[in-house]
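In numbering that gives the first Met the number 0, the protein residues as written are 0 to 340. Encoded as structure tokens, the structure appears first; notes follow it.
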Amino acid sequence: MTQVTDHGGGVRSLRVPIPDNPLGHTLVYVVDTDRGPVLIDTGWDDPESWDTLAEGLTACGTSAAEIHGVVITHHHPDHHGLSGRVREASGAWIAMHAADTAVVRRTREARPERWFTYMAAKLAAAGAPEEHIAPLRQPRHRTLPGLSPALPDRDIVPGELLALPGRRLRAIWTPGHTPGHVCLHLEETHPARLPGRGRLFSGDHLLPGITPHIGLYEDPEDATVTDPLGDYLDSLERVGRLAPAEVLPAHQHPFPDAAGRVRELLTHHESRLTALLALLAEPLTPWQLAERMEWNRPWAEIPYGSRTIAVSEAEAHLRRLVKLGRAEAVPGSDPVTYAAV
0 MTQVTDHGGG VRSLRVPIPD NPLGHTLVYV VDTDRGPVLI DTGWDDPESW DTLAEGLTAC
60 GTSAAEIHGV VITHHHPDHH GLSGRVREAS GAWIAMHAAD TAVVRRTREA RPERWFTYMA
120 AKLAAAGAPE EHIAPLRQPR HRTLPGLSPA LPDRDIVPGE LLALPGRRLR AIWTPGHTPG
180 HVCLHLEETH PARLPGRGRL FSGDHLLPGI TPHIGLYEDP EDATVTDPLG DYLDSLERVG
240 RLAPAEVLPA HQHPFPDAAG RVRELLTHHE SRLTALLALL AEPLTPWQLA ERMEWNRPWA
300 EIPYGSRTIA VSEAEAHLRR LVKLGRAEAV PGSDPVTYAA V
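Structure follows, in structure tokens:
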């Protein structure tokens with residue numbers, strides 16, 4: 000059964016399923032405007048997800064054909080996946096931050112083999128064992144989700160109001176989870192008059208009970224040394240200062256006290272960096288560090304794809320420690336190892 004929640008003030012959410020994923024669903028928000036409903040995110044590109052979205056829109060008294068626009072918090076397929084189908088059904092515009100639009104463009108233009116070759120080389124450099132890398136050398140047997148995501152036709156400009164007639168929705172650039180992730184501040188009185196400054200559609204940036212994945216920004220054509228974890232921590236502080244009355248995230252459930260949740264996450268990441276420094280008392284490759292980090296299950300039980308994600312997260316933490324001068328690469332090590340300073 001389609002689950003629709005009315006959050007008041009012309010905002011509703013639909014629980015759109017994510018196939019075979021422990022998150023379960025994406026919360027797609029339907030925002031009423033003077034020109035028709037606008038969606039914030041759309042859900043995974045899957046027949047069941049599309050049917051659920053369509054049924055939810057019907058329950059809201061509208062349809063995919065009546066959607067005026069689509070605002071995407073970030074390019075991941077559980078958020079952007081169905082945008083193209085919505086646009087085909089309605090002619091709606093699709094808006095995304097330029098940094099994530101660039102990722103979408105690369106994804107559409109690159110051959111899958113290029114990505115597999117890049118990931119194989121990257122994992123080898125991180126110290127991954129050959130048995131983990133070997134499947135990437137046979138891409139014809141593998142598929143990737145979202146190989147042809149819809150190309151957005153509008154840019155979300157940080158600090159500016161989006162073109163939603165009759166609403167005040169301001170974009171806040173919050174890189175970290177992706178380079179172009181945005182939160183969206185609804186600068187309107189909370190319908191239940193909760194204390195604070197409006198409501199915040201937080202995407203994956205700020206979630207009530209879990210921390211988003213912070214890995215490296217992957218671009219086979221760009222050798223820039225980025226600091227995604229530093230970006231994320233800075234973005235958290237920006238959202239904490241905003242002090243919205245309520246946060247409407249893309250997963251789990253809405254919650255108040257954004258500033259309190261921000262403090263919890265900042266403390267969590269500082270504790271994690273401290274724990275990693277203790278592990279780096281001996282030189283470790285990113286793969287070896289990932290093996291020793293605390294996850295939601297033992298390393299031996301983490302599936303193949305999640306191990307690749309875990310190594311990317313380990314590398315993001317290493318980048319942060321190096322930038323802070325708390326760790327450094329060991330000269331001459333191959334694959335490169337890192338040690339605490």
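We put the CB at the ideal spot given by N, CA and C, even for glycine. Note that the structure is a prediction, hence the values are computed from the model and not measured.
Candidates Gly42, Pro16, Leu56, Pro46: which alpha carbon is nearest Asp5's?
As a working mapping, residue 5 is identified with position 6 in the sequence shown. If we check each option's Cα against that of Asp5, Leu56 comes out closest.
Using three-state DSSP, classify His140 as helix, strand or coil.
Counting from one through the sequence shown, the residue named residue 140 turns up at place 141. Its pLDDT being 48, under 50, His140 is placed unreliably by the model, and the measurement read from it follows with that caveat. It is helical.
Secondary structure of Gly259, DSSP reduced to three states
As a position in the sequence shown, residue 259 is number 260, starting the count at 1. In the structure shown, Gly259 sits in a helix (DSSP, three-state: H, G or I).
What does the alpha-carbon distance come out to for the pair Arg136 and Ala119?
Here the question's residue 136 lines up with position 137 in the sequence shown. Here the question's residue 119 lines up with position 120 in the sequence shown. If you take the alpha carbons of Arg136 and Ala119, they lie about 7 Å apart.
Specify the secondary structure class of Pro151 as computed by DSSP and reduced to three states.
Counting from 1 along the sequence shown, the entry for residue 151 is found at position 152. Pro151: coil per DSSP, three-state reduction.
Express the C-alpha separation of Asp31 and Asp152 in angstroms, rounding to a whole number.
In the sequence shown, counting from the first residue as 1, residue 152 sits at position 153. In the sequence shown, counting from the first residue as 1, residue 31 sits at position 32. Asp152 and Asp31: Cα-Cα distance of roughly 21 Å.
Whose C-beta lies closer than 8 Å to the C-beta of Ala338 among residues of the same chain, with five residues either side of it excluded?
If you number the sequence shown from 1, residue 338 lands on position 339. Taken in chain order, the residues that qualify are Leu279, Ala280, Glu281, Pro282, Leu283, Ala326, Glu327, Val329.
Exposure of Lys121, with buried meaning 16 or more beta-carbon neighbours within 10 Å
Here residue 121 is taken as the residue at index 122 of the sequence shown, counted from 1. It counts as buried.
Would you be able to state if there are at least three C-beta pairs under 8 Å between the region 68 to 82 and the region 39 to 49?
yes
Between Leu278 and the ligand PLP, is the CB less than 6 Å from at least one heavy atom?
Among the ligands in the structure shown, none appear at all, so the ligand PLP cannot be discussed.
Looking only at its chain, what residues have a beta carbon closer than 6 Å to the beta carbon of Asp33, apart from the 5 residues adjacent to it on each side?
As a working mapping, residue 33 is identified with position 34 in the sequence shown. Excluding residues within five positions, the ones whose Cβ falls inside 6 Å are Pro164, Gly165.
Terminal residues of the continuous alpha helix (DSSP H) containing Ala170?
On the sequence shown, position 171 is the one that residue 170 refers to. Element bounds for Ala170: not the alpha helix (DSSP H) but the beta strand (DSSP E), 168 to 172.
Cutting at 6 Å between CB atoms, please list the residues of its own chain near Asn20, excluding the five before and the five after it.
Start at 1 with the first residue of the sequence shown, and residue 20 comes out as number 21. Hits under 6 Å: none found.
In the structure shown, what three-state DSSP assignment does Val321 receive?
Locating residue 321 in the sequence shown gives position 322, where the first residue counts as 1. If DSSP states are grouped into helix, strand and coil, Val321 belongs with the helices.
Assigned secondary structure, Trp49 (DSSP; H/G/I helix, E/B strand, else coil):
Along the sequence shown, read from residue 1 onward, the residue named residue 49 stands at position 50. Looking at Trp49 - three-state DSSP - the assignment turns out to be helix.
Own chain partners of Thr336 with C-beta closer than 7 Å, once the 5 adjacent residues on each side are dropped:
Here residue 336 corresponds to residue number 337 of the sequence shown, with the count starting at 1. Same-chain partners within the cutoff: Pro282, Leu283, Thr284, Val329.
So, with DSSP's three-state summary, where would you put Met0?
Here residue 0 corresponds to residue number 1 of the sequence shown, with the count starting at 1. Per-residue confidence for Met0 stands at a pLDDT of 49, beneath the threshold of 50, marking its modelled position as unreliable; the derived number appears in the next sentence. Coil.
Using 8 Å as the Cβ pair cut-off and three pairs as the minimum, do the region 125 to 132 and the region 295 to 311 touch?
yes
Evaluate contact between the region 181 to 194 and the region 222 to 232, counting only Cβ atoms and requiring at least three cross-stretch pairs below 8 Å.
no
Measure the C-alpha to C-alpha separation of Gln251 and Ile171 and round it to an integer number of angstroms.
Here residue 251 refers to the residue found at position 252 of the sequence shown. Here residue 171 refers to the residue found at position 172 of the sequence shown. Rounded to whole angstroms, Gln251 to Ile171 spans 21 Å at the Cα level.
Rounded C-alpha distance that separates His96 from Thr106:
Counted from its first residue, the sequence shown places residue 96 at position 97. Counted from its first residue, the sequence shown places residue 106 at position 107. Those two C-alpha atoms are separated by around 16 Å.
Should Gly175 be labelled buried (16 or more other beta-carbon atoms within 10 Å of its own) or exposed?
Within the sequence shown, residue 175 is the residue found at index 176, counting from 1. Buried is the call here.
Report the three-state DSSP secondary structure of Arg11 (helix, strand or coil).
Taking the first residue of the sequence shown as position 1, residue 11 is located at position 12. Arg11: strand per DSSP, three-state reduction.
For Leu228, the first and last residue of its enclosing alpha helix (DSSP H)
Position 229 of the sequence shown, counted from the start, is the residue given in the question as residue 228. That run of the alpha helix (DSSP H) goes 227 to 241.
Are the beta-carbon atoms belonging to Glu312 and Gly179 less than 7 Å from one another?
For the purposes of this step, residue 312 is taken as the residue at position 313 of the sequence shown. For the purposes of this step, residue 179 is taken as the residue at position 180 of the sequence shown. In this structure, Gly179 does not lie closer than 7 Å to Glu312 by Cβ.
Beta-bridge pairing of Arg198 - partner residues as DSSP gives them
Residue 198 sits at position 199 when you count from the first residue of the sequence shown. Note: Arg198 sits in a beta bridge opposite Leu185, Glu245.
Which whole-angstrom value is the C-beta distance of Pro255 and Ala242, which I expect to be below 8 Å?
Counted from its first residue, the sequence shown places residue 255 at position 256. Counted from its first residue, the sequence shown places residue 242 at position 243. The pair is not a contact, with the Cβ atoms about 10 Å apart (cut-off 8 Å).
Between the Cα of Asp203 and the Cα atoms of Ala63, His74, Leu193, Ala64, which residue gives the shortest distance?
Within the sequence shown, residue 203 is the residue found at index 204, counting from 1. Checking every option, the nearest Cα to that of Asp203 belongs to His74.
Could you name each continuous alpha helix (DSSP H) segment of 4 residues or more that falls completely within the region 24 to 82, going from the start of the chain to the end?
46 to 58, 76 to 79
Considering just the uninterrupted stretch of the alpha helix (DSSP H) at Glu327, what are its terminal residues?
Walking along the sequence shown from the start, residue 327 turns up at place 328. Unbroken run through Glu327 is the beta strand (DSSP E), 326 to 328; no alpha helix (DSSP H).
What distance in whole Å lies between the Cβ atoms of Thr173 and Val238, which are believed to be in contact at a cut-off of 8 Å?
Indexing the sequence shown from 1 puts residue 238 at position 239. Indexing the sequence shown from 1 puts residue 173 at position 174. Confirmed, Cβ separation roughly 6 Å.
Short Cβ contact (7 Å threshold) for Ala289 with Val310:
Residue 289 sits at position 290 when you count from the first residue of the sequence shown. Residue 310 sits at position 311 when you count from the first residue of the sequence shown. Yes; because the gap between Cβ atoms is below 7 Å, this pair is in contact.
On the three-state DSSP scale, how would you describe Trp92?
Position 93 of the sequence shown, counted from the first residue, corresponds to residue 92. Reduced to three states, the DSSP call for Trp92 is strand.
Of all the options Val69, Leu276, Phe200, which has the alpha carbon lying nearest to the alpha carbon of Glu87?
In the sequence shown, residue 87 corresponds to position 88, counting from 1. Nearest of Val69, Leu276, Phe200 to Glu87, Cα basis: Val69.
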